[in-house]
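Engineer: The opening residue of the sequence shown carries number 1 in UniProt numbering; numbering runs sequentially from there.
Have a look at this one before I ask anything.
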Amino acid sequence: MEEFYKSLDKHVESLNYKFQDKFSIKQLLYDDIMLVLQDGWGDSQLKFWVNKNFKIIKIGDQSVVYDIKSNHPVVRHENLYTKIKECHERVGHHGRDKTWIEVKDQYGWVQLDTVKLFISQCDVCSNRKTFPKPAAEKPIVSIGYFTRLQVDLIDMRSIPDGEYKWILHAKDHFTKFLWTYPLQSKEAEPVAQKLLQQFYSFGAPRILQSDNGKEFVAKVIKVLTLFYCLFCEI
Ligand SMILES: [Zn+2]
1 MEEFYKSLDK
11 HVESLNYKFQ
21 DKFSIKQLLY
31 DDIMLVLQDG
41 WGDSQLKFWV
51 NKNFKIIKIG
61 DQSVVYDIKS
71 NHPVVRHENL
81 YTKIKECHER
91 VGHHGRDKTW
101 IEVKDQYGWV
111 QLDTVKLFIS
121 QCDVCSNRKT
131 FPKPAAEKPI
141 VSIGYFTRLQ
151 VDLIDMRSIP
161 DGEYKWILHA
171 KDHFTKFLWT
181 YPLQSKEAEP
191 VAQKLLQQFY
201 SFGAPRILQS
211 DNGKEFVAKV
221 IKVLTLFYCL
231 FCEI
């Protein structure tokens, strides 16, 4: 949140001075707008601007400042982060346009630049862009079912489901059939355990490959071998 407001301040400073004060409505200005509308307070320039853009709506015993143009409540500068975050999450992190529509549907006096800035700093959106691609870069030939199993880990640490912070993604290269498993850690042991369950049900592949690197595959294979040995002893 701190980072968002720092960047927002920088953005406002870069604007023409005429727009700086009114880019977002800080609490002090909000109180002044209320005074103008309720008590006719303020100089003529302020009164003109306030009467042109705002009105008061009574909700229960509370007075709320509404933006006349959009007919929606004004979001105070101090609440911008929370309100945009709510809208962005409601549309499932689906980019700028959907978030902007959601914001405009509910609130007044929020600028598109503020929404853009929020999204540019969203951890969930930026992590999505760096998800490992399940397919390998060079063309791979598979001659049948379960010849090659592509195994990758998807980092979900920014939106964990309780203790589960990783998704193990396994794909048969020939049939494109895929399996996914929730994981609490990306250690080789839990990965191997999930793969072993799969091998018992569907059979073991001849080749195990991963974009997470040879070292990762080697560790997983080492644990798999250990499990197999234990199984043999029983
Ligand atoms: Zn996002």
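Even glycine gets a Cβ: it sits at the ideal position worked out from N, Cα and C.
#1: Please classify Ala218 as buried or exposed, where buried requires at least 16 neighbouring CB atoms within 10 angstroms.
#2: So, for Lys47: in the same chain, excluding its five sequence neighbours on each side, which residues have a beta-carbon less than 7 Å away from its beta-carbon?
#3: For Val91, which of helix, strand or coil comes out of DSSP?
#4: Distance, Cα to Cα, Phe227 vs Asp123?
#5: So, are the CB atoms of Val91 and Lys85 less than 8 Å apart?
#6: Looking only at C-alpha atoms, which of Asp211, Phe174 and Gln62 sits nearest to Ile143?
#7: Confirm, please, whether the CB-CB distance from Leu117 to Leu224 is below 8 Å.
#8: If you measure from the CB of Ile119, is any heavy atom of ligand 1 nearer than 7 Å?
#9: Counting Cβ pairs, one atom from each stretch, are 3 or more of them under 8 Å apart for the stretch 17-28 and the stretch 69-82?
#10: Using the three-state DSSP reduction, which class does Arg76 fall into: helix, strand or coil?
#11: Pairs of beta-carbons, one from the stretch 153-170 and one from the stretch 182-191, closer than 8 Å: are there three or more?
#12: Going by the DSSP bridge assignment, what does Arg148 pair with across the sheet?
#13: My guess is that Pro205 and Leu153 are in contact by the Cβ rule of under 8 Å, so how many angstroms apart are they, rounded?
#14: Who are Gln62's beta bridge partners in DSSP?
#15: Find out if the Cβ-Cβ distance for the pair Pro182, Asp161 is shorter than 8 Å.
#16: Kindly examine ligand 1 and report whether one of its heavy atoms sits closer than 7 Å to the Cβ of Cys122.
#17: What residues match up with Lys104 in a beta bridge as DSSP calls it?
#18: Should Cys125 and Glu102 be called a contact, given that it needs their Cβ atoms to be closer than 8 Å?
#19: Taking residue 236 as the reference, which of Asp39, Pro73, Lys83 and Phe216 has the closest Cα?
#20: Please classify Tyr81 as buried or exposed, where buried requires at least 16 neighbouring CB atoms within 10 angstroms.
#21: Tell me, to the nearest whole angstrom, how far the beta carbon of Tyr107 is from that of Val65; I am working on the premise that it is less than 8 Å.
#22: Distance check for Lys222 and Ile234, CA to CA, integer angstroms please.
#23: Is Ile221 helix, strand or coil when you go by DSSP?
Structural biologist: According to the structure data:
#1: Flag for Ala218 reads exposed.
#2: Only Val36 meet the Cβ criterion.
#3: Secondary structure of Val91 (DSSP, three-state): coil.
#4: Cα to Cα, Phe227 sits roughly 37 Å from Asp123.
#5: No, these two residues do not count as a Cβ contact at 8 Å.
#6: When only C-alpha atoms are compared, the closest one is Phe174.
#7: Taking 8 Å as the Cβ cut-off, Leu224 and Leu117 do not qualify as a contacting pair.
#8: Checking every heavy atom of ligand 1 against the Cβ of Ile119, one is found closer than 7 Å.
#9: With three or more CB-CB distances shorter than 8 Å, the stretch 17-28 counts as touching the stretch 69-82.
#10: In this structure, Arg76 counts as strand in the three-state DSSP scheme.
#11: Output reads yes: the stretch 182-191 touches the stretch 153-170.
#12: DSSP output for Arg148 lists Ile207 as bridge partner(s).
#13: Going by Cβ atoms, the distance from Pro205 to Leu153 rounds to 17 Å, so no, they are not a contact pair.
#14: The partner list for Gln62 (beta bridge, DSSP) reads Ile59.
#15: Less than 8 Å divides the Cβ of Pro182 from the Cβ of Asp161.
#16: It does: the Cβ of Cys122 is within 7 Å (strictly closer) of some heavy atom of ligand 1.
#17: Paired residues: none, contrary to the question.
#18: Cβ atoms of Cys125 and Glu102: not closer than 8 Å.
#19: Any question about residue 236 goes unanswered here, given that the chain covers just 1 to 234.
#20: Flag for Tyr81 reads buried.
#21: Not quite, the Cβ-Cβ distance comes to about 12 Å (not below 8 Å), so this is no contact.
#22: Model confidence at Ile234 stands at a pLDDT of 38, short of 50, so the residue's coordinates are unreliable; what they give is reported in the following sentence. If I take the Cα positions, the gap works out to 19 Å.
#23: Ile221 falls in the helix class under three-state DSSP.
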